[in-house]
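**Q** Per this note's numbering: the sequence shown = residues 9 to 199. C-beta atoms are modelled at their ideal positions from N, C-alpha and C, and glycine is treated no differently. This one's a predicted model, so the numbers in the text were calculated from it and none came from an experiment.
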Amino acid sequence: MKLNQIADNSGARKNRLRIGRGIGSGMGKTGGRGGKGQTARSGVRIKGFEGGQMPLHRRLPKRGFRNTAFAVKLNEINVGDLQKAIDAGTLDAKAAVDVAAMVKSGLLRREKGGVKLLGGGELKAKLDLSVWAASKSALAAVEKAGGTVKLLAPAKEEATEERRPNKFKPKEGKKPGQSKKGGKAAGKSAE
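(1) Taking the beta carbon of residue 199 as the centre, do at least 16 other beta carbons fall within 10 Å, making it buried, or is it exposed?
(2) Mind the definition here: the segment 115-122 touches the segment 45-59 only if three or more C-beta pairs lie below 8 Å; say whether that holds.
(3) So residue 72 and residue 98 are in contact, right, with Cβ under 8 Å, and what is the actual spacing, rounded?
(4) With residue 111 and residue 83 assumed to form a contact (beta carbons below 8 Å), what rounded beta-carbon distance in angstroms separates them?
(5) Which class does residue 157 belong to by DSSP, given the choice of helix, strand or coil?
(6) Using the beta-carbon count (16 or more within 10 Å), is residue 15 buried or exposed?
(7) What did DSSP end up calling residue 87 once you bin it into helix, strand or coil?
(8) Residue 146 by DSSP, collapsed to three states: which one?
(9) Between residue 145 and residue 89, what straight-line distance do the alpha-carbon atoms span, to the nearest angstrom?
(10) Please work out which residues of its chain come closer than 7 Å, Cβ to Cβ, to residue 108, disregarding the five sequence neighbours upstream and downstream, and give them in chain order.
(11) Could you check if residue 155 is buried or exposed, using at least 16 other CB atoms within 10 Å of its CB as the buried criterion?
(12) So what does residue 126 bridge to, in DSSP terms?
(13) With H, G and I counted as helix, E and B as strand and the rest as coil, what does DSSP make of residue 75?
(14) DSSP state of residue 138, grouped into three classes?
(15) Mapping the DSSP letters down to three states, classify residue 105 as helix, strand or coil.
(16) Output the distance between the C-alpha atoms of residue 153 and residue 74, rounded to the nearest integer angstrom.
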């Protein structure tokens, strides 16, 4: 073999297809794009379309769920922030520290939502805290300083009948579990 005899294998390179150069070429007029419409225009890429084969996002199975609508979002506070508030004189270390005390001291903007205590920073003062959740490092820091942490139940687990008694009170003249038309068997023929 000589240098002037080197060539590609047959079919290794295809000739470029010249599109839109007359109907005699077989690729004129619409140029392989079909008729009119979105896909006949330029700048079109239909997201997730893989030429007609089943796309990846439909081939893969569904897994899990997202609980964003009902997730309990807790306000996070570090033990170091509590110490800064005590040093500044806005938080009283001798009194019990709950959400209302944190709002009053400026650590939280409002009482809505619970509080999770995190272990960032250093705590020197002895505190009696009431929070919804606490990390292991936060519990260790409070106990090391000689304080206690009381974990409260999340707001949605509280007794709902106590918070909204009118919703759970049965209406007058109607027994619980009774349909509007009479008894449970209303609509069925008496045997």
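**A** For this structure:
(1) Here the model assigns residue 199 a pLDDT of 49, short of 50, so the residue's position is not dependable, and the following value carries that caveat. Exposed is the call here.
(2) Short answer: they don't touch.
(3) Going by Cβ atoms, the distance from residue 72 to residue 98 rounds to 43 Å, so no, they are not a contact pair.
(4) Actually they are not in contact, since the Cβ atoms of residue 111 and residue 83 sit about 10 Å apart, beyond 8 Å.
(5) Three-state result, residue 157: strand.
(6) With fewer than 16 neighbouring CB atoms inside 10 Å of its own CB, residue 15 falls in the exposed class.
(7) Judged by DSSP in its simplified three-state form, residue 87 adopts helix.
(8) Here residue 146 sits in helix by DSSP.
(9) In this structure, the alpha-carbon of residue 145 lies about 15 Å from that of residue 89.
(10) Answer for residue 108: 119, listed in chain order.
(11) Looking at its Cβ environment, which holds 16 or more other Cβ atoms inside 10 Å, residue 155 is buried.
(12) For residue 126, which the question treats as bridged, DSSP gives the partners 86.
(13) Correct three-state label for residue 75: coil.
(14) Residue 138: strand per DSSP, three-state reduction.
(15) In the structure shown, the three-state DSSP call for residue 105 is strand.
(16) Taking C-alpha positions only, residue 153 is separated from residue 74 by approximately 39 Å.
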